[in-house]
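Q:
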Amino acid sequence: MHIKSVLLASAAVVPTALAWGTVGHATVAYVASGLMKPETAAYCKKTLGDDSDEFLAAIASWADAFRYEPGGAFSVPFHWIDAIDRPPYSCDVDYDRDCTAEGCIVSAIMNYTNIQRAQPYEPMSLKWIVHFLGDIHQPLHDENYGAGGNNITVFVDGVKWNLHAAWDTAFLTKITGGTNLATAKIFSKGLLARIQAGGAYAAASKKWFRSSLKDPKAAAMAWATETNDYVCSSVLPEGPQQIEGKELNGTYYQAAAPVVELQIAKAGLRLAAWLDLIVTGGTPLGPNCKVRPAR
C-alpha cells in the first residue's frame, strides 16, 4: 500500500519522486495545452489567473506539494489506486477491491471532474484534474506491489533509487537531459510532433480517447487498467527479484523509456480531451485530431 509514512521514510534512503516529477507533469500539461481547443485554453487561463504559455505547466505539480502542507494529508491516497494483483503473472485493477474508503485516483478524478462541471472556474479542482490525469498514466501509480515500487531498491547510472522514483524521475531525466519547465517544453514539442499526421503516434493516438463525461469513473478505470498492464509487461516483466538491487541502465531502461514517453503523450492528449469536454461539451481529439504547434 502507498502510504505517507512509506514515502517519507524512503526519503532518507533514496531519491524520492513526486508522481512523474516536475518534467513529466509539466510535459503532460504542455502536450495538453498544445492539443486543447482555444476556448478550453482561455477557460483554464481565466480559472488559474495565468495568461502565459505555462498556464497548465506551472500548476501541474501543485498537488504533490499540497499533500505535504498542513491540511493536505487527506489528498495523499488520491495519487494512486493500489491494484492488489500478482505481477508479472497477472495485472488487473478492481475498483471495489483496490480503491479504499479514503479514496483513490479513480474516485478523485471522478469527484473533481464533477466539481469542476458544477462549479465552473473553480481553480483547485482544475489543478487536481491536471495532476491526476498525469499520475494515472504512470504504471506504478496503479499498483500495490512493493508499495507501488517504493520498497524495491534499484540503481540508475550508479545512483540508488526506489523503483517508483526511477519510473517517475530517473528515467525521464535520462530521456530529456533536464529537470525544469524549459526541458519539459522542449520534450513536449517532440511528443506533439509524434501525435501529428505522419508522426510515430499519429495512427494509434486516434484511438487514445473514447471517454465520456457521462461516466467519469469508467473513463478513469479504463486509463488505470490500461496503464496497470505495463506493470506486468514492462515494469516487472520477470518479477521483482530480477531487478532488486540491480543497475537498470541497460536493456531494462531501453525497454522502459519508450513506455514512459508513450504514457506521457497519452496523458497529455487525454487531459486535453477531458478538459475540452468539461469546458465545451465536445472535443476534436480522436479521428480528426489536429495539433496547434507549441510556441
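When the letters of the sequence shown are read in order and numbered with mature numbering (1 follows the signal peptide of the UniProt record, and there is no 0), they come out as residues -19 to -1, 1 to 276. Think of the CB as a built atom: it goes at the ideal place given N, C-alpha and C, for glycine as much as any other residue.
Taking only three categories from DSSP, how would you classify V241?
A: Looking up residue 241 in the sequence shown gives position 260. Helix.
Q: How about S192 and W255: are their beta carbons less than 9 Å apart?
A: On the sequence shown, residue 192 is found 211 positions in, with the first residue counted as 1. On the sequence shown, residue 255 is found 274 positions in, with the first residue counted as 1. Contact: yes.
Q: Are there 16 or more other CB atoms within 10 angstroms of the CB of N161, so buried, or fewer, so exposed?
A: In the sequence shown, counting from the first residue as 1, residue 161 sits at position 180. The residue in question, N161, is exposed, as its Cβ has fewer than 16 Cβ neighbours within 10 Å.
Q: On the DSSP bridge list, what partners appear for K141?
A: Residue 141 sits at position 160 when you count from the first residue of the sequence shown. According to DSSP, which records beta bridges pairwise, K141 is partnered with F136.
Q: Per the contact definition of three or more C-beta pairs closer than 8 Å, is the region 132 to 141 in contact with the region 61 to 68?
A: Short answer: they don't touch.
Q: Name the residue from K26, T81, L250 and G129 whose alpha carbon lies nearest to the alpha carbon of W175.
A: What you label residue 175 is simply residue 194 of the sequence shown in a count that begins at 1. Contrary to the premise, residue 175 reads as Arg rather than Trp in this sequence. Per the Cα distances, L250.
Q: Below 8 Å on the Cβ atoms is my guess for L37 versus V111; work out the distance and round it to an integer in Å.
A: As a first step, residue 37 is located in the sequence shown; it is residue number 56 there, counting from the start. As a first step, residue 111 is located in the sequence shown; it is residue number 130 there, counting from the start. The pair is a contact, with the Cβ atoms about 6 Å apart (cut-off 8 Å).
Q: Following the continuous alpha helix (DSSP H) through P104, name the residue where it begins and the one where it ends.
A: Locating residue 104 in the sequence shown gives position 123, counting from the first residue. P104 to D116 is the span of the alpha helix (DSSP H), which, as asked, contains P104.
Q: When burial is assigned at 16 or more other CB atoms within 10 Å of the CB, is A128 buried or exposed?
A: Counted from its first residue, the sequence shown places residue 128 at position 147. Flag for A128 reads buried.
Q: Check each candidate in I62, A200 and W43 and name the one with the smallest Cα separation from G53.
A: In the sequence shown, counting from the first residue as 1, residue 53 sits at position 72. Out of I62, A200 and W43, W43 has the C-alpha closest to the C-alpha of G53.
Q: Which of the three DSSP states, helix, strand or coil, is assigned to E207?
A: Taking the sequence shown and counting its residues from 1, the one referred to as residue 207 is at position 226. DSSP places E207 in helix when its eight states are reduced to three.
Q: Decide if residue 308 is buried, meaning its Cβ has at least 16 other Cβ atoms within 10 Å, or exposed.
A: There is no way to answer for residue 308, as the model of the chain reaches only from -19 to 276.
Q: When DSSP labels each residue in this structure, what does S33 get in the three-state scheme?
A: Here the question's residue 33 lines up with position 52 in the sequence shown. Looking at S33 - three-state DSSP - the assignment turns out to be coil, as it is neither helix nor strand.
Q: Determine the extent of the alpha helix (DSSP H) in which H122 is found, giving its start and end residues.
A: By one-based count along the sequence shown, residue 122 stands at place 141. Taken as a continuous stretch (DSSP letters only), H122 belongs to no alpha helix (DSSP H), as it is neither H nor E.
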